[in-house]
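Number of protein chains: 2
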Amino acid sequence: MNRDRLILGIDLGGTKSAATLQTSGGELRYRVATSTPAQDGSDAVVATLISLARNALQAANDLGTVSGCGISVGAPADAANGVVYPAPNLPGWSPIGTPLARIVADALNLPTCLENDADATALAEWRFGAGRGAETMAFLTQGTGIGSGLVLNGRLHRGAFGAGGEIGHICVDTSDEARVCSCGLCGCLEAYASGPSVVRIAAENGYRGEQSGAAVAEAARGGDAAALAAFALAADKLGRGLAVLVMLLNPERIVLGTLAIHAGDLLLTGTESSLRRHAWKRLTEDLTVVPAQLGDRAQDLAALCAYLSRADESNGTMSQ
Amino acid sequence: MNRDRLILGIDLGGTKSAATLQTSGGELRYRVATSTPAQDGSDAVVATLISLARNALQAANDLGTVSGCGISVGAPADAANGVVYPAPNLPGWSPIGTPLARIVADALNLPTCLENDADATALAEWRFGAGRGAETMAFLTQGTGIGSGLVLNGRLHRGAFGAGGEIGHICVDTSDEARVCSCGLCGCLEAYASGPSVVRIAAENGYRGEQSGAAVAEAARGGDAAALAAFALAADKLGRGLAVLVMLLNPERIVLGTLAIHAGDLLLTGTESSLRRHAWKRLTEDLTVVPAQLGDRAQDLAALCAYLSRADESNGTMSQ
Numbered sequence: 001m002n003r004d005r006l007i008l009g010i011d012l013g014g015t016k017s018a019a020t021l022q023t024s025g026g027e028l029r030y031r032v033a034t035s036t037p038a039q040d041g042s043d044a045v046v047a048t049l050i051s052l053a054r055n056a057l058q059a060a061n062d063l064g065t066v067s068g069c070g071i072s073v074g075a076p077a078d079a080a081n082g083v084v085y086p087a088p089n090l091p092g093w094s095p096i097g098t099p100l101a102r103i104v105a106d107a108l109n110l111p112t113c114l115e116n117d118a119d120a121t122a123l124a125e126w127r128f129g130a131g132r133g134a135e136t137m138a139f140l141t142q143g144t145g146i147g148s149g150l151v152l153n154g155r156l157h158r159g160a161f162g163a164g165g166e167i168g169h170i171c172v173d174t175s176d177e178a179r180v181c182s183c184g185l186c187g188c189l190e191a192y193a194s195g196p197s198v199v200r201i202a203a204e205n206g207y208r209g210e211q212s213g214a215a216v217a218e219a220a221r222g223g224d225a226a227a228l229a230a231f232a233l234a235a236d237k238l239g240r241g242l243a244v245l246v247m248l249l250n251p252e253r254i255v256l257g258t259l260a261i262h263a264g265d266l267l268l269t270g271t272e273s274s275l276r277r278h279a280w281k282r283l284t285e286d287l288t289v290v291p292a293q294l295g296d297r298a299q300d301l302a303a304l305c306a307y308l309s310r311a312d313e314s315n316g317t318m319s320q
Numbered sequence: 001m002n003r004d005r006l007i008l009g010i011d012l013g014g015t016k017s018a019a020t021l022q023t024s025g026g027e028l029r030y031r032v033a034t035s036t037p038a039q040d041g042s043d044a045v046v047a048t049l050i051s052l053a054r055n056a057l058q059a060a061n062d063l064g065t066v067s068g069c070g071i072s073v074g075a076p077a078d079a080a081n082g083v084v085y086p087a088p089n090l091p092g093w094s095p096i097g098t099p100l101a102r103i104v105a106d107a108l109n110l111p112t113c114l115e116n117d118a119d120a121t122a123l124a125e126w127r128f129g130a131g132r133g134a135e136t137m138a139f140l141t142q143g144t145g146i147g148s149g150l151v152l153n154g155r156l157h158r159g160a161f162g163a164g165g166e167i168g169h170i171c172v173d174t175s176d177e178a179r180v181c182s183c184g185l186c187g188c189l190e191a192y193a194s195g196p197s198v199v200r201i202a203a204e205n206g207y208r209g210e211q212s213g214a215a216v217a218e219a220a221r222g223g224d225a226a227a228l229a230a231f232a233l234a235a236d237k238l239g240r241g242l243a244v245l246v247m248l249l250n251p252e253r254i255v256l257g258t259l260a261i262h263a264g265d266l267l268l269t270g271t272e273s274s275l276r277r278h279a280w281k282r283l284t285e286d287l288t289v290v291p292a293q294l295g296d297r298a299q300d301l302a303a304l305c306a307y308l309s310r311a312d313e314s315n316g317t318m319s320q
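Protein chains in written order, with our numbering: chain A, 1 to 320; chain B, 1 to 320.
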């Protein structure tokens, strides 16, 4: 019997977590998911992840040989050291960092690598989705917060202290009327263009419908002036943020996830127009701005890529 | 007799050009310089460069073996293809680009590489100066314009279309009162913090001394209120610009050249304070912001590094 080489993927989210078995080509062979016991703290969450992973490894007995494990975490992470830091949706984790990659590697006896989910999803879109073929690509998530993953010259840029990519917190309004961001800074892109910010601004404008980005988008498409104004503001600011990215890094492609997918042209048209107003033509004329392509498969492929990209990097560090 | 391996360096500036022979360790063995006939157009400039280079190669007969040529150009450049584009201080060059690396390689029969001078100086500070030991470093020139060179994960980031690093043209004032930049955009960092901008703003404030950045710095140190206010504004905006860089790229070191060297603490103290106000502590606490160290040797070493860095990159393209 032909036994596949498989990668174990672990996706740790604030609401749900999953373990998967996938081929290196991204074919899904097994998936198990459960809710994340986020409110019970890190020990409970880690136990849940290991239990999911053991289910997957048991299933792997009939499916193939597992060569490694990739973890995608919805929290700040120091990928080089496999360490996770506290996030609002994962309360009670140690502020000095939890060495999750090593814990999982020891429990499962598998080489294990870990990435922040924005970085891991950037890698997934680059390898399997809307970023294919680009040497230099920026990926933006635009959900509860705005994060990004940067693939520069064919490699994920992780930053010196395991951070960076915080495009959600660059300033797009320097005036005294700038909105205060949840991070404490003023005028952050996230305060205008994240899902909750668009909902909040629509409500301030008089929108009275369901409090979700998708519902505000629906209302805007139906002609609701408050919803339309919120998206116009988000698009203007998002274009300004992307202009900064473009002037500094000159990517050939920008991939927009989450809200941009729900909102489509409602956000993209205004964003592109604002971007082109605020950056040089020489840097925008051959640039493409496209929605993410992986949809429901993004999280699974992100966990896979957390492993694959590190395995590809000759000088990568892996907990094993 | 022990013959050294030498690199021919060509520095093309808007005012002066030079050819040098240096060891790969940066030891200068020969230097010849002349004024750049910039007003006579590209053919005259290219002829001058080749004549300088031939002088150097003749001197090399007694000094060692020349293994390659690096060119640092004070103009936009597509380094991968060795092509130079028009710049304000080099008028009359072809808008479709001049293949300077190939022209020089053919004339001298040497493998030749070319970089924009901000990128080349970034490499020089990284290899020999204030950037030594940093995996991720940003270098800013702050002369007539503001440019930058980014060394990310130990490699120069050149951008998809041979551009990027345009930190001088990211927006640091989004208000209606923002200054208009010479590039046509509004609120660019360069419109506040370049040498000429500081001089212009000081004059608007009532400064009546010599029209140079060094003179305004001198006046500010003597207590001139107009000069002090111009530097305070430049520092505030520069800190905002660096904050964007830090949030996006999380460098471990920022090296400031040109004006920052003349102005010293007059600029650096306010810049650091503004930077720390506009970026997260997690990304600034281990970051160092330092003045460039190479001084008069920066241009020669930049030309050397234009060759060395490309020779180091396994997938580099070299005209030969």
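Note that CB positions come from ideal geometry on N, CA and C, so glycine has one too.
Coarse secondary structure for residue i, derived from DSSP in three states
i                : result
Ala230 (chain A) : helix
Arg240 (chain B) : helix
Arg322 (chain A) : Beyond the ends of chain A as shown, which are 1 and 320, falls residue 322 (chain A); an answer cannot be given.
Gln22 (chain B)  : strand
Arg253 (chain B) : strand
Ala86 (chain A)  : Per the sequence shown, the amino acid found at residue 86 (chain A) is Pro instead of Ala. Reduced to three states, the DSSP call for Pro86 (chain A) is coil.
Asp300 (chain A) : helix
Cys183 (chain A) : coil
Thr48 (chain A)  : helix
Val172 (chain A) : coil
Ala163 (chain B) : coil
Thr136 (chain B) : coil
Beta-bridge pairing of residue i - partner residues as DSSP gives them
i                : result
Arg155 (chain B) : B:Leu152
Met247 (chain B) : According to DSSP, which records beta bridges pairwise, Met247 (chain B) is partnered with nothing at all.
Gln142 (chain B) : B:Ile146
Ile10 (chain B)  : B:Ala19, B:Ile71
Ala33 (chain B)  : B:Ala18
Thr65 (chain B)  : B:Arg5
Asp78 (chain A)  : A:Val83
Glu115 (chain A) : A:Ser72
Cys188 (chain B) : B:Cys171
Leu28 (chain A)  : A:Gln22
Val289 (chain B) : B:Ile254
Thr98 (chain B)  : B:Val84
Min CB distance residue i to chain B below 8 Å
i                : result
Gly323 (chain A) : What is shown of chain A runs 1 to 320, which leaves residue 323 (chain A) out entirely.
Gly140 (chain A) : The sequence given here places Leu at residue 140 (chain A); Gly does not occur at that position. For Leu140 (chain A), the answer is no, since every Cβ of chain B falls outside 8 Å of its Cβ.
Asn153 (chain A) : yes
Glu135 (chain A) : yes
Pro251 (chain A) : yes
Leu248 (chain A) : yes
Cys183 (chain A) : yes
His262 (chain A) : no
Trp126 (chain A) : no
Ile170 (chain A) : yes
Leu283 (chain A) : yes
Arg221 (chain A) : no
Cβ of residue i within 8 Å of any chain A Cβ
i                : result
Ile254 (chain B) : no
Thr317 (chain B) : In this prediction, Thr317 (chain B) scores a pLDDT of 48, lower than 50, which makes its location untrustworthy; the coordinate-derived value is nonetheless stated afterwards. It does not: the Cβ of Thr317 (chain B) has no partner Cβ on chain A nearer than 8 Å.
Asp173 (chain B) : yes
Trp93 (chain B)  : no
Val244 (chain B) : yes
Glu166 (chain B) : yes
Ile96 (chain B)  : no
Asp286 (chain B) : yes
Burial state of residue i (16 or more Cβ within 10 Å)
i                : result
Thr136 (chain B) : buried
Ser274 (chain B) : buried
Lys237 (chain A) : buried
Glu115 (chain A) : buried
Pro180 (chain A) : According to the sequence displayed, residue 180 (chain A) carries Val and not Pro. So Val180 (chain A) ends up on the exposed side.
Pro291 (chain A) : buried
Glu166 (chain B) : buried
Arg127 (chain A) : buried
Arg5 (chain B)   : exposed
Gln22 (chain A)  : buried
Ala47 (chain B)  : exposed
Gln142 (chain B) : buried
Glu58 (chain B)  : Reading off the sequence, residue 58 (chain B) comes out as Gln, not Glu. The residue in question, Gln58 (chain B), is exposed, as its Cβ has fewer than 16 Cβ neighbours within 10 Å.
Is the stretch 65–83 of chain A close to the stretch 261–277 of chain A, with three or more CB pairs under 8 Å? no
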